[in-house]
Amino acid sequence: MNFVRAALREPLLHFVLIGALLFAVTALRQKQVEHAEIRISAGEVAQLAAFWETQAQRRPTAAELRGLIEERIDEEVLAREAVRLGLDRDDVIVRRRLAQKMAFVSDDLAVVAEPAEDKLREYFDTHRESYTTPDLYALRHVYFNPDRHTTLDADAQRALQRLARGANANEVGDPFMLPLELADVSRDDIARDFGSSFADAVTGSAPGSWSGPVRSPFGVHLVKLESHTPPSTARFEEVRDRVRDAYLGQKQREANAALRAKLRQQYQIVVETAEGSGS
Amino acid sequence: MKKQSLLAGAVVAVAFATGAAAQNRDRNAYFGDLHVHTKLSFDAYIFNVRATPDDAYRYAKGESIHHAAGYDVRLTDAPLDFLAVTDHSEYLGIIPAMNDPKHPLSKIPYAPDLFSTERDKINAAFQRIGTSLRSGQYLPEMKDPDTSRSAWRTITESADRHYVPGRFTTFRGYEYTSAPDGQNLHRNVIFAGARAPDLPFTALESQNPEELWRWMDGQRKQGIEALAIPHNSNGSDGRMFQRTQFDGRPMDRGYADLRMRNEPLAEITQVKGTSETHPSLSPNDEWSSFEIMDTYIGSATKVTRFAGGYTRDALKAGLEFDQAEGFNPYRFGFTGSSDTHNAAGPFEESRYFSKVGILDGKPEQRGSVPPAGKTWDNYEPQNNAARYQTWGASGLTGVWAEENTRESIFAALRRKETFATSGPRMRVRFFAGYELPNDLDNRRDMVSQSYARGVPMGGDLLPKGTSAPRFLAWALRDPHAGWLQRVQIVKGWIENGKAQERVFDVACSDGLTPDSQTWRCADNGATVDLRTCAVSENKGAVELRALWSDPTFDPRQRAFYYVRVLENPSCRWSTWDAIRAGVEPNPKLAKTIQERAWSSPICYVPQR
C-alpha cells in the first residue's frame, strides 16, 4: 500500500499519465479534423501593411493588401509542408534559429521564485567575503622627482632623517599632483595610482613612523602609515538587495543549466573524434 | 576611486569619517567614460553584443565581462571612477524585443535577418536602420514606446543601482542619434541626477539639435538638469560646427545662448577618430594627423569638408563670431570617451578589441593582420576593415572635482573643468591669472594658490588693464603607461578679424628647453623597438610643468588657450596585433602614435 501511495505522489508518474492522456486526445482530434487551420490574425495583417508601407512610402491599396495576405498564406503553407517533409533538418540557419527560440523559452521555464529571507541569509553567510571591505589604510607621503635631483636617494635619506627629528612633512620633498595624504584606501586603490610595488611597500610598513625611500613610477617617496583598519563584514540588512540580486542570478544560472542537463538526458550523445568515436 | 584628502598649504584637518568621502578643495582628477553602448542599442544588438548596462558598470568597476567575439575583457591596471551608459534612443530596446519569439515585434517579417552571425546579413540589417536614421523617418512597424520605455527604465535603474557615492559615479544618459543625410550630428545627453524623463527625445522626433536643446530647456524648467555632448564632429562633413543654424539661417545670440546653455562640452577623441584638428586645417601643427578618421559614420563615404568638423576650428569660429557679432556658440570644453558598442571601452593599445562586436573583434577583421594565406603584398583591407583600421584605442574624460559624486562631477562638467585623453590616464592642470606668483611652479601650495589667484581650465579670463596673464601648465604621467615628452599650449586668437592659431611647446623632457623663436623642444630621442614594442627606458619625464607668459599676448585680442600633453611614441594597437600574430604591421598604418591629453580651453575675453 505504501508503495502505491508513494508512486501516486511521484511527479514522473504524473508526467507519464498526463502525456498518455494528451496523446490519446490528440490522436482522436486528428481523426475528427481533417484540415489544419491557417489563421492570419488582424494584428498580423496590420503588420504586413505597416511593413509594406515602409518600403513603398504609402499605404497599400485593398488589392495590394490582398496580395500581401495571399503571399503570407502561401508562405505558411509551404513552410508547413517543408516541415512535414523534413526539409528543416540539416539546415544550419533553421537549426540555429530554433535553438535560439528554445533557449528563450527554456530561460523562461526556469523562472526563479522570490527567495525566502532565510535563504538569503544562508547565501550571505556562505558568501561573506563578497560583503567584506578590504583592509583599509590611511597614509602620508612626500615625493622626490628624479628629474629634479642629481642625488635622489641621498636627498630622500636626508629628508627622512629630518622627518625622524620631527620636521613638518609639508616642508619636505617636491610638489606633487596626486594627494600627499590618503585616507580610507585599499591596497588596490593605492596600486592603481602609485603602482603595485609602492602599494605593497606602504601597506607592509610599520604604522606610525616615516620610512623609505620607496619607489613608484613617479620617483621616490617617504611614507608614513597613519592607520590600518582590518576587514569588516557588512551586516546582512545593509546589503540585502545586493545579496538578493546575487542569489537570484546564481539560481537562474543553476536552473538554466539544470534544464539543459535534463534535456540532454533524453538523448544519447555521441561525439565522433578524429581518433574514433567516443561519447 | 579613492577618498582623498589632499594636504595643501599649512594646516589641513583630515576627517577619516568612514563611509563619507572627504572633500578635496584642491580637487581630484577622476577618469570616466561618458559614451558606452550595450545590447539595448539597435546596432550593438545586431553586432551580436549581449552585454547589459549592468555589465557595462561591472566592467568599469574592474570586473571582467564577456565580449561577443568569444573572449573576456577587463580593465587590467585600474577601474574607472565614473561611467554613463548612453544607448541609442532611436529604437531603444526594440531589436532585443524582435528577437524574443513571444514578443509581437518578432513577427516583423525581416526580424530573423537582424540576428544573423553572418557579416553580410549583419551589415544589411544595420543599413536598414541606418537608412531610417539618415532620413529621420520611423520604420513604423518598429515603433513601440512601451518597449522603449521599459528599456529606458532598465538603463536608469542600472545607473542608480551601481552608483556608490564617494567611490564610483554613474549617470543616467542616452545618445541622440541625428545624422541628416549621413552627416553625423550625434550627441550624448547626460542627466545630472536621479531624475530623468519617461522617454528620451530622439532624432526620430527631430533631427534638428536645436529641438533637442529646447526639449532640454523644458526639462530644466521641471527641475531635470542635463547637458549634451556632441561627438564625431569628424564624421559630420563640416556640419557639426557649421557657421549657420541647422536650417541655414544666420547665427544669432539666441542660438548661441541656447547651444551653450545645453552644450558646454564637445567630445574631442574616441574610438572613431580624434576631432581636435586636421592637417589641412592646421598645416603648422606637426601633431595634427593624430588618429584621423576621414569617412562618414557607418559608411565609406569620404569626408570632404574639414572646416566645421574639428574642435579647434570651431573654437576659432567662435572667436570670430564673438568679435564680429558679440556672441559665441562655440566656447566649449573637451571630453574624451570610447563610444564602445561592447559595453567595454578599449583604452589600451596593447589590449585593443575595437568597438563593434563580432564585426571587428578579431585582428583580421580590422586591418591589422592579413587573413590566412595572404600577406601585405597581396592584400589590402577593404570596406569595413578599411574603416576599422583607422579607429583607435581612445579615449577618456578627466574631471577635476572635490569628490566622486554625481553632484561634484556634474558640476565639473558644467564648468568645463575637464580634460580628454587618448586612453592613458595622464593628469593635466591648467590655470591662468594676472597674480600668479613668480615662484608658483616650485611651491607646494601651487594648486590652492592657482585657484585663489587665477582661473582653471574651462574658465574665462577677463582683461585687467593692459596686464598680461601668466599660465601654469602641469602634467603628470599615467603610472601604468609611458613617459611624457612635452607640454604644449595651443593658442587661437583674432587678428584683423580673422582667427589664427599657434602651438607653443612650453615644457620639454630630458633637460631640454623650448627654442625661443620656434617654441619647439628638440627631439628627445625616445624610440620604440617595433619587434617588441619596447620603449626607451631613460627618455621622457614623470611630470612636466611650466609657468608661461605668452610672448604674443595682445590685451585687445580675444583668444583661447588649451594645453596638449604628448607622451613619448609608443606602439599603435595595430602594431601590437601584428606582433602577436607574428606578421609585419600593416604598411599603410602608423606603426607608433604619441598618446596625448587635451585640457579644456581658458578663454581670454576682452570687452568689445
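So the sequence lines, in the order shown, correspond to chains A and B.
Note that numbering that gives the first Met the number 0 gives residue 178 to position 179 of the first sequence, counting from 1, and the numbers run on in steps of one.
Note that numbering that gives the first Met the number 0 gives residue 325 to position 326 of the second sequence, counting from 1, and the numbers run on in steps of one.
Note that beta-carbon positions come from the ideal geometry of N, C-alpha and C, so glycine has one too.
This structure is a prediction, so every number in the text was calculated from the model and none was measured.
C-beta atoms of residue i and residue j nearer than 7 Å
i: F197 (chain A); j: D173 (chain A); result: no
i: D220 (chain A); j: G207 (chain A); result: Per the sequence shown, residue 220 (chain A) should be read as His rather than Asp. Their beta carbons are not under 7 Å apart, which means H220 (chain A) does not touch G207 (chain A) by this criterion.
i: V541 (chain B); j: G218 (chain A); result: yes
i: W212 (chain B); j: N261 (chain B); result: yes
i: V427 (chain B); j: A596 (chain B); result: yes
i: K250 (chain A); j: V111 (chain A); result: yes
i: P584 (chain B); j: P462 (chain B); result: no
i: L314 (chain B); j: G464 (chain B); result: no
i: T389 (chain B); j: M292 (chain B); result: yes
i: L264 (chain B); j: T169 (chain B); result: no
i: A384 (chain B); j: G366 (chain B); result: yes
i: L39 (chain B); j: D112 (chain B); result: no
i: L79 (chain B); j: G31 (chain B); result: yes
i: H230 (chain B); j: H36 (chain B); result: no
DSSP-derived helix/strand/coil call for residue i
i: A558 (chain B); result: strand
i: L314 (chain B); result: helix
i: Q126 (chain B); result: helix
i: E262 (chain B); result: coil
i: K301 (chain B); result: strand
i: L86 (chain A); result: coil
i: I488 (chain B); result: strand
i: V582 (chain B); result: coil
i: T116 (chain B); result: coil
i: Q269 (chain B); result: strand
i: E128 (chain A); result: helix
i: G248 (chain A); result: helix
i: L529 (chain B); result: coil
i: T272 (chain A); result: strand
i: F103 (chain A); result: helix
i: K118 (chain A); result: helix
i: H140 (chain A); result: strand
i: L543 (chain B); result: strand
i: T276 (chain B); result: coil
Cβ separation of residue i and residue j, assumed to be a contact under 8 Å, to the nearest whole Å
i: T404 (chain B); j: G165 (chain B); result: 7 Å
i: V486 (chain B); j: V564 (chain B); result: 5 Å
i: V188 (chain B); j: Y173 (chain B); result: 6 Å
i: E409 (chain B); j: A178 (chain B); result: Residue 409 (chain B) is actually Phe in this sequence, not Glu. At roughly 27 Å, the Cβ-Cβ gap does not stay under 8 Å, so F409 (chain B) and A178 (chain B) are not in contact.
i: F50 (chain A); j: E210 (chain B); result: In fact, because the Cβ distance is near 28 Å, the residues do not count as touching under 8 Å.
i: L435 (chain B); j: R413 (chain B); result: Not quite, the Cβ-Cβ distance comes to about 25 Å (not below 8 Å), so this is no contact.
i: A419 (chain B); j: A411 (chain B); result: The Cβ separation is near 13 Å, so there is no contact.
i: E624 (chain B); j: A480 (chain B); result: This structure gives no information on residue 624 (chain B), because the portion of chain B shown stretches from 0 to 607.
i: A202 (chain B); j: G135 (chain B); result: 6 Å
i: G457 (chain B); j: T396 (chain B); result: Between T396 (chain B) and G457 (chain B) the Cβ distance is about 12 Å, and since that is not below 8 Å, they are no contact.
i: I228 (chain B); j: R194 (chain B); result: With a Cβ gap of about 19 Å, I228 (chain B) and R194 (chain B) do not count as contacting.
i: R58 (chain A); j: A45 (chain A); result: Incorrect: roughly 11 Å between the Cβ atoms, too far for contact.
i: R242 (chain B); j: A150 (chain B); result: R242 (chain B) to A150 (chain B), Cβ: 37 Å. No contact.
Sequence-distant residues of the same chain with beta carbon closer than 8 Å to residue i, five excluded per side
i: R148 (chain B); result: D197 and L198
i: P133 (chain A); result: S185, R186, D187 and P230
i: S105 (chain B); result: A96, M97, N98 and D99
i: R243 (chain A); result: P114 and L119
i: E62 (chain B); result: R73
i: G432 (chain B); result: S449, R452, G453, V454, L460, P468 and R469
Cβ shell of residue i (< 7 Å), same chain only, five flanking positions each side left out
i: Q218 (chain B); result: P196 and A225
i: D459 (chain B); result: C602 and V604
i: A20 (chain B); result: Only weak support is given to the placement of A20 (chain B): the predicted model assigns it a pLDDT of 49, under 50, and the question is left unresolved by the model.
i: L162 (chain A); result: A168, V171, W209 and L221
i: R263 (chain A); result: none
i: L82 (chain B); result: G31, D32, V35, A55, Y56, A59 and T169
Cβ shell of residue i (< 6 Å), same chain only, five flanking positions each side left out
i: Q606 (chain B); result: none
i: D614 (chain B); result: Chain B is shown only over 0 to 607; residue 614 (chain B) falls outside these bounds and no answer can be derived.
i: K587 (chain B); result: none
i: L543 (chain B); result: A474, L483, V486 and A506
task = Could you name each continuous alpha helix (DSSP H) segment of 4 residues or more that falls completely within the segment 171-241 of chain A, going from the start of the chain to the end?
result = 186-193 and 195-202
Residues, ordered as in the chain, of the segment 141-155 of chain A that lie near chain C by beta-carbon distance below 8 Å = Checking the listed chains, one finds no chain C in this structure; the protein chains it contains are A and B.
inquiry  = Which complete beta strand (DSSP E) runs does the segment 19-106 of chain B hold, if anything under 3 residues is left out?
reply    = 27-35 and 81-84
message = Report the start-end ranges of each beta strand (DSSP E) in the segment 172-213 of chain B that is 3 residues or longer and not cut off at the edges.
response = 186-190
key: Every unbroken beta strand (DSSP E) within the segment 318-375 of chain B, with a cutoff of 3 residues, ordered by chain   = 332-335
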